[in-house]
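Protein chains in written order, with our numbering: chain A, 1022 to 1088; chain B, 36 to 934.
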């Protein structure tokens, strides 16, 4: 999960974004727009998978008051 | 055609609907503990309050003005939610355990329950959020005006009312609604299920509205591709060249901080969270929501730029585009969507802020100036509600005034970013609170204050530039003409984007102050305890809980306090539950420290940690609060625990050292006893020939009349014995020299087979004397090995003579074979003698070992095998006892063949 977060951050930060910031168009849409949304989508998918994978916490004993 | 009257009426009707929703949501949440209102979906939707009219209107405008920059506002929070396991989970767990009600409460609780820090954070939040509220007012005002300005009769009853009047009306309406919504009762956990239900509903509405407009635009524009290519034809291209600069980085960073520290986000994400596992769903669902929200922003912006007349406000494209195409229903839906996003933000933000203001500013003042016993049972509750209502009005007025002063500035997004920068000042302290044990109260206070001062100077003040000529002058020349203090070029740092400049200076100073002051100052006892409670929240189950040790308070006093804050019913329920638990009559209840701690947290849920602490301190243990003492005790315990852990570690090290020493000692003892044995054996070996030499020489000396034959015998005996003695001493010297590696030794290539042949020749006489038959087995050809030929021959002779000496068979037989196997020259010398018993096998290579039972008079000192083994070892080979072809012993010499 740490890896996913760090990679996500790196992918949307310079200098890595520069790699995809070319005046190329896919389906009429600038490549960079395409790239950012795909990264975003991958992050969402990865998190959804990981959220199922990581062990569940026992619910925190929220205070003592509400028994 | 839409008219202003009509949309306003719709908006009022919509708010009415929200109110009904909130009312039933509240009732439902109360009666059904497991209703869908407690589901992760509603939780996620409520977090989407992050998408305000800034998103709905502002992002489109931002995309039209500066391209992709609007995305950072959503990518930052995405990263935070992707990494929810590290930050948000921790925040939620701590807040549940400590009954945290706001970000101010969090910081104050972590840094020694300091109220001063809470006040500071609250003030900054109120001031910092004012531009954000103004943004919402501006968005709603602009949207109504966009509708009103669209046609000549659209003005309706708005004719003659300018935007200030309109904004004032909206602010007043919002204040009223928020008060009706959020301050109907005081809840222990500060959870507002009804409001959350309404917010979740609004989240759906605004998403649906924006997506509807987006789909409409894509439909009218003829698909994504067409929209972009048409725009490109008339020269509208996205300037992506300079997008990823300092500003990209800054807005991304600010949005990361904002999603955590914004009062309303903290409220929905942390305080309203009813189950930690909801975060799991929100971790991907909330980013997905934002993705859907931003999906159509770029097409709307680009299409708007292409189709709308030049000079029209790009912020309002989402509304004006449908109107331009005569789609009134869609325009109305878009208006409601934008209105939804604005109202949800204003309602929640002002509720969150009002909780902070009332808990951290008003309540402590009331506590300080009210004498202990005045007021009836409901007093405190009512006081709290009044305080909150007052705060809501205050917050909205601040927002309105900001709007009033800066109404001439154009875009929405920059206003929001000013607020983000202010709120980001809490972020370093929050992170330090959760992860850094040594962060101290003084450091956090100083850091936040310093960051705030820089924010005011570099970000807040410049936003009034267009209003006040004095500020404009200040901006261009600096205060008193000091140019390095110019708000947008501090310390001569020019050329940077104003936002990046402000964020850089304020946050750098903030982090620097936090670090340096933390390292320079020491924490108080309470700070240390809270620090470990926060930092170690996932370690070792329950951490120190009760903060009061001396329960000198009576149940009556405590009940009185609880009743004032929580109301009679809840206080009574709490005390009865405690009485039931400890199994006594409610009237006889003796408050235990645990109960007092629990009561404090319960009160903290209503009035904040610091206030609750002060309040109970007044009652518990009378005038002198022994808290400090208690903390010291707890601190000492902590130290003792650490100390004992260290001791344990040290003692483990000592144990292993002692073990090593013992092992070494055993080895030394063994060596020592070996040495003793050796000495005694040597003396014994020397003594026997010496005795005979001495006795024979004495006879010769005393008795002169011995016949010459006998004399000859005696002298030859003496001679033989001295020869034996010399041989023995030679061998001992030889062995010790070999063992210590003193003797010069040259390993040269030699023919091993020749050495074996020579040894056989030398022993021939011996063999014949004993009548021993030699059986020659397989013989290797001439084989070169590295070694000393004479020494090798000596080894073979020794082995053969041993075989002869110890063989007691009637038909003595010697079997010798030599082969080359796997690069090794192997010689086996076997006999059919008695063999060597299992027990002796280990001993035969020891010094002075001589056959079973120490067969005497075998002419050797028992050093032969020991010497042989040493010699072979020096030739890098081995001498072993192996299972041979004959029943007796078989010695195997193995040497490496030279190639």
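The beta-carbon is built from N, C-alpha and C at its ideal position, and this holds for glycine as well. These numbers come from a predicted model, not from an experiment.
Cross-chain neighbours of residue i in chain B, by beta carbon under 8 Å
i	result
residue 1030(A)	114
residue 1057(A)	103, 106, 110
8 Å Cβ cutoff, residue i in contact with chain B
i	result
residue 1063(A)	no
residue 1076(A)	no
residue 1034(A)	yes
residue 1025(A)	yes
residue 1022(A)	yes
Integer-rounded CB distance, given that residue j should sit under 8 Å from residue i
i	j	result
residue 842(B)	residue 823(B)	Between residue 823(B) and residue 842(B) the Cβ distance is about 28 Å, and since that is not below 8 Å, they are no contact.
residue 311(B)	residue 127(B)	5 Å
residue 147(B)	residue 476(B)	5 Å
residue 565(B)	residue 145(B)	5 Å
residue 472(B)	residue 559(B)	Their Cβ separation, rounded to whole angstroms, is 14 Å, which puts residue 472(B) and residue 559(B) out of contact at 8 Å.
residue 85(B)	residue 371(B)	Actually they do not touch by this definition, with Cβ atoms about 19 Å apart.
residue 794(B)	residue 868(B)	Between residue 868(B) and residue 794(B) the Cβ distance is about 18 Å, and since that is not below 8 Å, they are no contact.
residue 400(B)	residue 1057(A)	Residue 400(B) to residue 1057(A), Cβ: 49 Å. No contact.
residue 118(B)	residue 1026(A)	4 Å
residue 905(B)	residue 774(B)	6 Å
residue 1029(A)	residue 114(B)	5 Å
Under 7 Å from the C-beta of residue i: neighbouring residues of chain A
i	result
residue 513(B)	Correct list: empty, because the minimum Cβ distance to chain A is about 32 Å.
residue 315(B)	1072
residue 319(B)	1065, 1068, 1069, 1072
Of the residues the options, the one placed nearest residue i, counting alpha carbons only
i	options	result
residue 440(B)	789(B), 807(B), 504(B), 797(B)	504(B)
residue 212(B)	637(B), 594(B), 52(B)	52(B)
residue 429(B)	150(B), 161(B), 637(B)	161(B)
residue 855(B)	810(B), 790(B), 62(B), 929(B)	929(B)
residue 373(B)	495(B), 173(B), 392(B), 317(B)	173(B)
residue 14(B)	496(B), 763(B), 686(B), 217(B)	Residue coverage of chain B in this structure runs from 36 to 934, which leaves residue 14(B) outside it and unanswerable.
residue 538(B)	239(B), 494(B), 422(B)	494(B)
residue 243(B)	366(B), 255(B), 281(B)	366(B)
residue 304(B)	507(B), 877(B), 112(B)	112(B)
residue 1060(A)	1070(A), 1051(A), 1076(A), 1032(A)	1032(A)
residue 330(B)	819(B), 91(B), 709(B)	91(B)
residue 549(B)	563(B), 570(B), 352(B), 465(B)	465(B)
residue 377(B)	451(B), 317(B), 443(B), 419(B)	451(B)
residue 1050(A)	902(B), 605(B), 261(B), 81(B)	261(B)
residue 801(B)	517(B), 833(B), 812(B)	833(B)
residue 453(B)	478(B), 252(B), 433(B), 497(B)	497(B)
residue 846(B)	829(B), 921(B), 813(B), 390(B)	921(B)
Min CB distance residue i to chain A below 8 Å
i	result
residue 118(B)	yes
residue 282(B)	no
residue 333(B)	yes
residue 578(B)	Because the pLDDT of residue 578(B) is 41, which lies under 50, any placement of that residue in the model is unreliable, and the question is left without a value.
residue 569(B)	no
residue 263(B)	yes
residue 326(B)	yes
Within chain A, partners of residue i - CB distance below 8 Å
i	result
residue 322(B)	1061, 1064, 1065, 1068
Chain B contact residues for residue i, given Cβ-Cβ distances below 7 Å
i	result
residue 1038(A)	279
Residue-level contact to chain D via CB, residue i, 8 Å cutoff
i	result
residue 731(B)	Absence of chain D from the displayed structure is noted, the protein chains being A and B.
> Which ranges does the alpha helix (DSSP H) cover as unbroken runs of at least 4 residues, wholly within the region 781-849 of chain B, from first to last along the chain?
Replying inline: Listed in chain order, they are 787-805, 824-840.
> Which runs of the alpha helix (DSSP H) fall wholly inside the region 88-114 of chain B and span at least 4 residues, in chain order?
Replying inline: Listed in chain order, the complete alpha helix (DSSP H) runs (minimum 4 residues) inside the region 88-114 of chain B are 94-101.
> In chain order, which alpha helix (DSSP H) runs of at least 4 residues are fully inside the region 103-170 of chain B?
Replying inline: If one requires a minimum length of 4 residues, the alpha helix (DSSP H) runs lying completely within the region 103-170 of chain B are 107-117, 123-133, 138-145, in chain order.
> Residue ranges of each alpha helix (DSSP H) run of no fewer than 4 residues wholly in the region 316-389 of chain B, ordered along the chain?
Replying inline: Complete alpha helix (DSSP H) runs here, min 4: 332-342, 352-359.
> What residue ranges within the region 860-889 of chain B form continuous alpha helix (DSSP H) runs of no fewer than 4 residues, ordered along the chain?
Replying inline: If we require 4 residues or more, the alpha helix (DSSP H) runs fully inside the region 860-889 of chain B come out as 873-876.
> Which runs of the alpha helix (DSSP H) spanning at least 4 residues fall entirely within the region 598-654 of chain B, listed in chain order?
Replying inline: Entirely contained in the region 598-654 of chain B, the alpha helix (DSSP H) runs reaching 4 residues are, in chain order, 603-617, 628-642, 644-654.
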